[in-house]
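Accompanying notes for the structure given below.
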Amino acid sequence: MTFRKYLVLAGVTIFAAVGDSFLSHGMKQVGEISSGDFKDLLLAVANPWVALGILFLLGFFVAYLTALSWADLTYVLPASSLGYVLLALIAKYFLHEQITLWRWLGILLISAGVGFVTQGPALTHHHPACSEAEADRELVGSRSHT
Amino acid sequence: MKHLYTWSAIAAIVVASVSGDVFLSRAMKQVGDVGALRRRLGSLAVVVRVLRNPWFLAGVLLMACGFYSLLFALSWGDVSLVGPASASLTFVGNAVAAKIFLHERVDHRRWMAALLVAGGVVLLAR
Numbered sequence: 001m002t003f004r005k006y007l008v009l010a011g012v013t014i015f016a017a018v019g020d021s022f023l024s025h026g027m028k029q030v031g032e033i034s035s036g037d038f039k040d041l042l043l044a045v046a047n048p049w050v051a052l053g054i055l056f057l058l059g060f061f062v063a064y065l066t067a068l069s070w071a072d073l074t075y076v077l078p079a080s081s082l083g084y085v086l087l088a089l090i091a092k093y094f095l096h097e098q099i100t101l102w103r104w105l106g107i108l109l110i111s112a113g114v115g116f117v118t119q120g121p122a123l124t125h126h127h128p129a130c131s132e133a134e135a136d137r138e139l140v141g142s143r144s145h146t
Numbered sequence: 001m002k003h004l005y006t007w008s009a010i011a012a013i014v015v016a017s018v019s020g021d022v023f024l025s026r027a028m029k030q031v032g033d034v035g036a037l038r039r040r041l042g043s044l045a046v047v048v049r050v051l052r053n054p055w056f057l058a059g060v061l062l063m064a065c066g067f068y069s070l071l072f073a074l075s076w077g078d079v080s081l082v083g084p085a086s087a088s089l090t091f092v093g094n095a096v097a098a099k100i101f102l103h104e105r106v107d108h109r110r111w112m113a114a115l116l117v118a119g120g121v122v123l124l125a126r
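Here you go:
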């Protein structure tokens, strides 16, 4: 794992969490949309927070696809779930929501899961696009951890 | 009866997003390391290569199905049930599907990670 790859994983996490909070903030301003009313749905995009949120979620999708091009699905998903933690922190400090003890416990569990998976190799199966030497090196690296 | 609707919609979300993630992962493995490809061929060629991959298109379609199921689920059930239930079941479902369909080596460390994250998501919604 190079620094650039950690940067992409950080991008997955940050874009998703920030995009979701922007969407949430924007949709609270727009108000309730009755189901099936497509005109309201189109107008919602005109809200700058919603538009910014969509832009960030597009960024998330690009980073997510990039990560999947060199890492396992079972690596990318837990590694990027730090976004839930980030979302909780944004909710507390920017949206002023209360965080209960249960939520802090949930944050702790997710962080522990992330710690578990990022200690291991990013890619565990061989495929033509990835050089075998690189995958082997990562496997050897993980063995020395355990 | 409403309970049954909510849980069927949650099941639909989980199935659609797990298969969508698996398809996208398979597509990107076929495309190859995006960073290295971009240096060799340029950004536009990479975008074309991703967009022309049939697994990618199927994956995006499934993601869209998952999103619509989420909207249905939210109209029947509480967000505090639907959100964490679908997210945590998707985490565990992804570990199973990645092992079976993508032949990823899901060792005890990754099982632990999937279960911890799934449990954490449930607690976050309390």
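Protein chains in written order, with our numbering: chain F, 1 to 146; chain A, 1 to 126.
Beta carbons: idealized from backbone N, C-alpha and C, even for Gly.
Remember, predicted model here, so these are calculated numbers, not experimental data.
Under a three-way DSSP split, which group does residue 108/A fall into?
Mapped onto the second sequence, residue 108/A falls at position 108. Residue state, collapsed to three classes: helix.
Mind checking which residues open and close the alpha helix (DSSP H) that includes residue 118/F?
Taking the first residue of the first sequence as position 1, residue 118/F is located at position 118. Unbroken alpha helix (DSSP H) run through residue 118/F: 101-118.
Three or more beta-carbon pairs under 8 Å between the region 41-58 of chain F and the region 23-33 of chain F, yes or no?
yes
Whose Cβ in chain A lies nearer than 7 Å to the Cβ of residue 72/F?
Here the question's residue 72/F lines up with position 72 in the first sequence. Going along chain A in sequence order, the residues near residue 72/F (Cβ under 7 Å) are 98, 104.
Nearest-angstrom Cα distance between residue 63/A and residue 115/A?
The residue you call residue 63/A lines up with position 63 of the second sequence. The residue you call residue 115/A lines up with position 115 of the second sequence. Each residue's CA atom was taken as its position, placing residue 63/A and residue 115/A some 23 Å apart.
Please compile the residues from chain A whose C-beta is within a distance smaller than 7 Å of the C-beta of residue 105/F.
As a working note, residue 105/F is residue 105 in the first sequence. Ordered by position in chain A, the residues that pass the 7 Å Cβ test against residue 105/F are 123.
How is residue 159/F classed by DSSP in three states: helix, strand or coil?
Look at the range of chain F in this structure, 1 to 146, and you will see that residue 159/F is not part of it.
Examine chain A for any beta-carbon lying closer than 8 Å to the beta-carbon of residue 93/F, and answer yes or no.
Walking along the first sequence from the start, residue 93/F turns up at place 93. False, the Cβ-Cβ gap to chain A never drops below 8 Å.
Between residue 51/A and the rest of its own chain, which residues show a CB-CB distance below 7 Å, the 5 nearest in sequence each way excluded?
Sequence index remark: in the second sequence, residue 51/A carries index 51 (1-based). Non-local beta-carbon contacts of residue 51/A in its own chain, meaning distances under 7 Å to residues more than five positions away in sequence, are absent.
Quick one: using the 10 Å Cβ neighbour count with 16 as the cut-off for buried, is residue 93/A buried or exposed?
Along the second sequence, one-based indexing puts residue 93/A at 93. Around the beta carbon of residue 93/A, 16 or more other beta carbons sit within 10 angstroms, so the residue counts as buried.
Let me know the alpha helix (DSSP H) ranges lying completely inside the region 74-122 of chain A, each 4 residues or longer, listed in chain order.
79-101
Determine the chain A residues that contact residue 120/F at a beta-carbon separation under 8 Å, and present them in chain order.
Looking up residue 120/F in the first sequence gives position 120. Within 8 Å Cβ-Cβ: 107, 109, 110.
Should residue 128/F go down as buried or exposed, given a rule of 16 or more other Cβ atoms within 10 Å for buried?
On the first sequence, position 128 is the one that residue 128/F refers to. Caution is warranted here: a pLDDT of 48 is assigned to residue 128/F, below 50, making its placement in the model unreliable, and no coordinate value can be reported.
Are the beta-carbon atoms of residue 100/F and residue 8/F separated by less than 8 Å?
Working through the first sequence from its first residue, we reach residue 100/F at position 100. Working through the first sequence from its first residue, we reach residue 8/F at position 8. Taking 8 Å as the Cβ cut-off, residue 100/F and residue 8/F do not qualify as a contacting pair.
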